[in-house]
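Undergrad: Residue numbers (my numbering): 181 to 327. Positions of the beta carbon are idealized from the N, C-alpha and C atoms, including for glycine. Nothing here was measured: the structure is a model prediction, and the numbers come from that model. The following block contains the structure, expressed as structure tokens.
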Amino acid sequence: MAWDPEKYREKREKVLGVKKRGLSFGTLTVVVAGVILLGMVSLGAPGAISYMKTRHLDDAIFKMADNQVWPTSLVAQIGEIHGVSGTSLDTHNTRLVVTFDRRHTGPDAVNALFSRHGIAATLLNQVSHRQRMVTIEAEKEAEGETP
């Protein structure tokens, strides 16, 4: 019968003073790879989640004829339309920004509400919500740079 080195491995290691300490190389590489992956996911996940939440949102910017101020009751009614997620006015209350989900509604629904109330309003622009937010941030940075 041939001598089996595995049979007496523990006894040899005990006599020679070989001790198992710490993590093995394989375990260490798995831990390092996990930390790297977790870091990459934590950097990319917020942007992806933000995109998924706002990918169907559009902003429509309206202005009343003769630069009149928007009635607050009308702004509240626009906010109640199915698919509209928000309304906001500019600093002079002359421009109305309606944020809506383009899968459910559009500027036509808002225009229909204007015609029911007999209000002459013009659609100035319809732009992606994310694009408008980027534009607003760029304008804020530009204002901060100039004295």
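Taking Cβ to Cβ, would you say THR285 is nearer than 8 angstroms to VAL264?
TA: Cβ distance < 8 angstroms, so THR285 and VAL264 count as in contact.
Undergrad: Indicate whether the contact test is met: 3 or more Cβ pairs, each with one atom in the region 199 to 214 and one in the region 247 to 267, closer than 8 angstroms.
TA: no
Undergrad: Checking the sheet assignment: what are the DSSP bridge partners for PHE294?
TA: DSSP lists no partner for PHE294.
Undergrad: What is the DSSP secondary structure of ALA301, counted as helix, strand or coil?
TA: strand
Undergrad: Classify GLU307 as helix, strand or coil using the three-state DSSP reduction.
TA: The sequence shown places Val at residue 307, not Glu. Note: VAL307 maps to strand in three-state DSSP.
Undergrad: Would the beta-carbon of LYS243 fall within 8 angstroms of that of ALA292?
TA: Contact: no.
Undergrad: Can you name, in chain order, every residue of its own chain whose Cβ lies under 6 angstroms from the Cβ of VAL195, other than the five neighbours on each side?
TA: none
Undergrad: In whole angstroms, give me the CA-to-CA distance for GLN257 and ALA228.
TA: Rounded to the nearest whole angstrom, the CA to CA distance from GLN257 to ALA228 is 32 angstroms.
Undergrad: Please list, in chain order, all residues of the same chain as GLY266 whose beta carbon is under 6 angstroms from its beta carbon, the five residues on each side excluded.
TA: THR279
Undergrad: Are there three or more Cβ pairs, one per stretch, closer than 8 angstroms when the region 268 to 279 is compared with the region 315 to 325?
TA: The region 268 to 279 makes no contact with the region 315 to 325, as fewer than three CB pairs between them are under 8 angstroms.
Undergrad: Please state if the CB of HIS297 and the CB of THR234 are separated by a distance shorter than 8 angstroms.
TA: no
Undergrad: Does chain C have any CB closer than 8 angstroms to the CB of GLY214?
TA: In the structure shown, chain C does not exist; there is a single protein chain.
Undergrad: Among residues of its own chain, excluding the 5 on either side of LEU223, which ones have a beta-carbon nearer than 7 angstroms to its beta-carbon?
TA: Correct list: empty, nothing qualifies.
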